[in-house]
Each structure stands twice: as structure tokens, then as C-alpha cells.
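Engineer: I have a structure I would like to understand better, so I am pasting it below and will then ask my questions one at a time.
Numbering (my numbering), first residue to last: 296 to 438.
What follows is the structure in C-alpha cells.
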């Protein structure tokens with residue numbers, strides 16, 4: 296997908312492959328893991344191209360992004376119904392979409408009250424899921 300002056304997109308084979316791999320995945324994935332999957336599937340794509348494609352997809356609103364416990368950005372395709380917030384397990388990486396109507400109302404109110412427009416926001420909620428909490432600490436997965 297090439298970004299044009301008007302913000303429109305044109306697919307390239309590599310960028311289309313990145314998007315297909317994201318859609319085929321289950322949950323959030325790092326750029327490095329996505330690159331490894333693509334290479335294992337025989338796609339000739341460099342890690343830099345994967346990062347660029349993800350950045351373009353993020354700017355266009357096609358992916359959701361969270362950070363893991365180490366601050367690494369993780370990506371997954373955004374559902375067709377728009378912006379989401381996620382609760383992410385710091386132990387195993389499980390991610391669950393949460394109802395965030397109150398957050399969206401707050402952002403709308405702040406935007407109106409302060410006089411900002413086209414505000415973007417990120418809300419990161421992390422914790423430990425029930426499954427990981429019930430395991431002894433030495434048997435929990437590495438995040």
C-alpha cells in the first residue's frame with residue numbers, strides 16, 4: 296500500500312502479505328514475529344518493510360496497537376466496528392477487548408472543552424489473567 300498525497304492506499308505485494316498475515320493470526324503479534332511468519336511462508340519481505348507497513352496500517356486506522364511488558368509494540372487488525380481498547384495479560388499476552396464507552400465519552404468531552412480536534416488516544420490496560428494467576432509463579436509463561 297503506497298500512501299498518496301491524499302492519504303489513499305495502493306497495495307504492494309509485500310504490504311498485502313503483511314495485512315494477510317495479521318488477519319490470519321490470533322491476537323496481537325510483534326513486527327519481528329510477523330516477519331518470521333512471513334519468511335517461513337516463503338514471502339520475500341524485509342523486517343524494515345514489515346515495520347513500514349505496520350506504521351502505515353496504524354496511521355490509516357487498520358490495526359490496533361498495544362505494548363507488552365517490555366514496551367514492545369504489538370499489532371492486530373482492527374475490527375470493522377472501529378477503535379477498541381484492550382486488557383492485556385502481562386504474563387501470557389492474552390488480550391480481551393473491553394467496553395470503553397466511558398473513555399470515549401471522556402475523550403469527546405475533553406476535546407470539546409479544550410478546543411482540540413481529531414484527537415487520537417491510546418489507553419493501555421495490563422494485568423494478570425485468571426489463568427496465569429492460578430498457576431504457581433515458576434510455571435507461568437514468559438510474557
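Ideal Cβ placement from N, Cα and C applies to all residues, glycine included.
Among 360, 416 and 429, which residue has its Cα nearest to the Cα of residue 386?
Structural biologist: Numbered from 1 along the chain shown, position 91 holds the residue referred to as residue 386. Nearest C-alpha to residue 386: 429.
Engineer: Quick one: what does DSSP say residue 367 is sitting in, helix, strand or coil?
Structural biologist: Numbered from 1 along the chain shown, position 72 holds the residue referred to as residue 367. Looking at residue 367 - three-state DSSP - the assignment turns out to be coil, as it is neither helix nor strand.
Engineer: For residue 326 versus residue 346, is the C-beta spacing smaller than 8 Å?
Structural biologist: By one-based count along the chain shown, residue 326 stands at place 31. By one-based count along the chain shown, residue 346 stands at place 51. Contact flag set, yes.
Engineer: The beta strand (DSSP E) spanning residue 422 covers which residue range?
Structural biologist: Within the chain shown, numbered from 1, the residue matching residue 422 stands at position 127. Segment 419 to 422, the beta strand (DSSP E) holding residue 422.
Engineer: Do residue 316 and residue 333 have their CB atoms nearer than 8 Å?
Structural biologist: For the purposes of this step, residue 316 is taken as the residue at position 21 of the chain shown. For the purposes of this step, residue 333 is taken as the residue at position 38 of the chain shown. Result yes, Cβ atoms of residue 316 and residue 333 sit closer than 8 Å.
Engineer: In whole angstroms, what is the alpha-carbon distance linking residue 342 and residue 408?
Structural biologist: Here residue 342 corresponds to residue number 47 of the chain shown, with the count starting at 1. Here residue 408 corresponds to residue number 113 of the chain shown, with the count starting at 1. Answer to the nearest angstrom: the Cα atoms are 42 Å apart.
Engineer: According to DSSP, which residues form a beta bridge with residue 342?
Structural biologist: Residue numbering aside, residue 342 sits at position 47 when the chain shown is read from its first letter. Per DSSP, none; premise fails for residue 342.
Engineer: Kindly indicate which three-state DSSP category residue 359 falls into: helix, strand or coil?
Structural biologist: To locate residue 359, count along the chain shown from 1; it is residue 64. Strand, per DSSP.
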